[in-house]
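Mapping to UniProt numbering: the sequence shown position 5 is 5, numbers consecutive.
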Amino acid sequence: MAASARSLMRVLAGCQRQILVSSAASSLCPSQNAARSHSVRTYAAAAKASKRERKVEKGAVKEVKQEEKKKEKQKIDDTGRHKPYGLTAWEPIDDVYVARHYPKPVYDAGVAVDMLKSFPKLDFTPEDQPLFINLKLDMKLEKKKKVDPFVSTVHLPHPFKADANKVVVFTEDPEEARVAIEHGADTVGGAELIEKILEDEITADFYLAVPDIVPKLLPLKNKLRKKFPKSKRGSVGVNIPKMLQLFKSGYEYMVEREAYVITQVGTLDMPKEHILENMRVIIQDVASHKPAEFGSIIERALTNSMTSEALRIKYQPFIQQEVKEA
């Protein structure tokens, strides 16, 4: 029994030695498959690109990206398509639809005014409420130049303000002062008016001046700001009667937020023809502030009353009408 146990132990010890030897041999000598899969590289490593080359490559990538951005900004022409890009159709087939799935309708100005006149009858709002026009402008010129935001005064053919504008005329010439008073100036004077204006004893809608007195008015620049007399706005000149004719009954509008003109053109109870005439004058005056060779300054035109939604209108007929008249 003891002999059989000893022989069994010898067999087990021999097996253990055989296992250890075979495992050591396999770890020291890689197989043929391993040698094939991990071949020795006999060629030289590729040289690193120089810093200059890298800069050139980066610049090229930037140029490509800029070109891609320009391509993305290009407007897609929908002309001739059965439906506009990204929308369901050109117009809905009934009066119940999701507005964002269809392009916003663009109305003739006369049709839009008729619609705005009908809204107060439905929502019981005042029929004499103000009527506005909202113009989005393209102020870009060549390269990095652009049209500066401007303030303009026009003579509307059908005024909607009940009272005439209050006008101050700056002049130190007695004869010019007499002419200004005869043509409707509310206040006329020279440098002695500066202190009264700074103290708010004298206020006005417009301030006009002859060229000689403008340097003496510089203390009023911060007080009057956009109302300060300027030759660009036509509020500085020698023809006092002509200036008073414009500014006494003139209507002023300005460019807001760098690219928008939002101004009143009348009231809803005015005749449609009068409203359209006022729209025409303002749109034509806005269009005149950008040379025609750089494209239209107006990108989009809306009209609305104080309580109604805004309706997109076709502004091109007003500009074409100016060209025909010229």
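Backbone N, C-alpha and C fix where the C-beta goes; we use that ideal spot for every residue, glycine too. This structure is a prediction, so every number in the text was calculated from the model and none was measured.
Below 7 Å CB to CB, which residues in the same chain sit around residue i once its five sequence neighbours on both sides are set aside?
i: Q32; result: Residue confidence for Q32 is low, a pLDDT of 47 falling below 50, so the modelled location carries little weight; the figure read from the coordinates is stated next. The answer is none, since no qualifying residue turns up.
i: Y315; result: I283, I298 and A301
i: D186; result: K166, V167, V168 and A204
i: E91; result: Y102
i: A259; result: K136, L137 and M139
Express the C-alpha separation of residue j and residue i in angstroms, rounding to a whole number.
i: R257; j: M139; result: 12 Å
i: S308; j: S249; result: 28 Å
i: Y253; j: V261; result: 7 Å
i: L165; j: H155; result: Here residue 165 turns out to be Asn, not Leu, going by the sequence shown. Each residue's alpha carbon lies about 12 Å from the other.
i: I313; j: V106; result: 5 Å
i: V191; j: I181; result: One detail in the question is off: residue 191 reads as Ala in this sequence, not Val. Approximately 17 Å, taken between the alpha carbons.
i: D173; j: E201; result: 23 Å
i: I76; j: K117; result: 35 Å
i: residue 329; j: G234; result: There is no way to answer for residue 329, as the model of the chain reaches only from 1 to 326.
i: T153; j: A287; result: 14 Å
i: I197; j: M115; result: 45 Å
i: A310; j: T125; result: 16 Å
i: D285; j: R178; result: 32 Å
i: E127; j: A112; result: 15 Å
i: L208; j: P215; result: 13 Å
i: H239; j: K226; result: Going by the sequence as given, residue 239 is Asn instead of His. One C-alpha to the other measures close to 21 Å.
i: L224; j: P157; result: 28 Å
i: A99; j: D123; result: 21 Å
i: W184; j: G295; result: According to the sequence displayed, residue 184 carries Gly and not Trp. Cα to Cα, the separation comes out at about 40 Å.
i: I213; j: K232; result: 16 Å
i: F119; j: K143; result: 45 Å
Could you name the residues of the same chain whose beta carbon sits closer than 6 Å to that of residue i, not counting the 5 residues immediately before and after it, in chain order?
i: Q129; result: L268, S305 and M306
i: residue 329; result: For residue 329 there is no data in the structure shown, the boundaries of the chain being 1 and 326.
i: T263; result: Y253
i: N134; result: I262 and L302
i: M270; result: none
i: residue 337; result: Residue 337 falls outside the range modelled here, since the chain spans only 1 to 326, and no answer is possible.
Can you tell me where the beta strand (DSSP E) holding residue i begins and where it ends?
i: P130; result: P130 to L137
i: I275; result: Unbroken run through I275 is the alpha helix (DSSP H), K272 to A287; no beta strand (DSSP E).
i: R257; result: Neither: R257 is in no beta strand (DSSP E) and is coded neither H nor E.
i: F170; result: V167 to F170
i: R312; result: L311 to I313
i: A89; result: No beta strand (DSSP E) contains A89, which DSSP labels as neither H nor E.
i: Y97; result: Premise fails: Y97 is in no beta strand (DSSP E) and is neither H nor E.
i: F206; result: F206 to A209
i: residue 370; result: This structure cannot settle anything about residue 370, because the visible part of the chain is limited to 1 through 326.
i: S152; result: V151 to V154
Would you mind working out which of the options sits nearest residue i, comparing C-alpha positions?
i: A162; options: G86, P120, K290 and Y251; result: Y251
i: M279; options: F160, E201, K232 and K83; result: F160
i: F247; options: V169, H274 and F294; result: V169
i: L217; options: I194, G237 and D205; result: I194
i: M243; options: D108, V96, T125 and E176; result: E176
i: P317; options: R225, V281 and K144; result: V281
i: P291; options: P120, I319 and L141; result: L141
i: K230; options: F206, E273 and E293; result: F206
i: H274; options: R81, A109, I93 and L87; result: A109
i: E199; options: Q245, P219 and P120; result: P219
Using a Cβ-Cβ cut-off of 8 Å (strictly less than) and excluding sequence neighbours within five positions of residue i, which residues of its own chain qualify?
i: D78; result: P84 and Y85
i: K104; result: R312
i: H289; result: V147, F150, S152 and I297
i: F132; result: I262, T263, Q264, V265, T303, N304, S305 and M306
i: K272; result: G110, V113, D114 and K117
For residue i, report the span of its alpha helix (DSSP H) as first-last.
i: residue 338; result: Residue 338 lies beyond the range of the chain shown here (1 to 326); nothing can be said about it.
i: I181; result: P174 to E182
i: M243; result: I240 to S249
i: L193; result: L193 to L198
i: N222; result: K221 to L224
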